[in-house]
Amino acid sequence: MVSRLHCFVGYFDELLILLYLKLKWYYVIKYCYCCKFSEIDLIVSKKKELIFIEVKASLLGEDILISYLQYQSIVNSSKYFLSEKLSFLDYPIRYDLCFLSLTKRACLYKKCLA
């Protein structure tokens, strides 16, 4: 039961972040991009900048960190994405972590990873 709740919360949080980014005029390129390295929650662009986003959520309000290994898998997945989508090669790249806390008045924390 806990696993199903965790999956639902993760899915719901990704949709909330997706909606938030659309309201801020980001163009969503890919949602839940999966490849042989890992999954990237969101790939968006704005003003010719390509942004790879990892979404994390907390029901209890504590910060959730990602490990160096997770970060490297996101970077490797982004390289794989760029090898498939050559039209984005000239875009500047950014890696973001979007943190959503459901106990802190649904605040959104966006931190650049690199």
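Residue numbers for the sequence shown follow this note's numbering, beginning at 10 and rising by one. C-beta: ideal position from N, C-alpha, C; glycine also.
Query	Result
Residue nearest to S47 in terms of C-alpha spacing, selected from Q79, P101 and F97	Q79
Residues near E23 by beta carbon distance below 6 Å, same chain, minus five either side	D50 and V64
Sheet register partners of Y40 (DSSP bridge)	L51
Opening and closing residue of the alpha helix (DSSP H) in which S87 lies	Y77 to E93
Nearest-angstrom Cβ-Cβ length linking I62 and D105, presumed shorter than 8 Å	5 Å
Per-residue burial, F21 [other beta carbons within 10 Å of its own, 16 or more giving buried]	exposed
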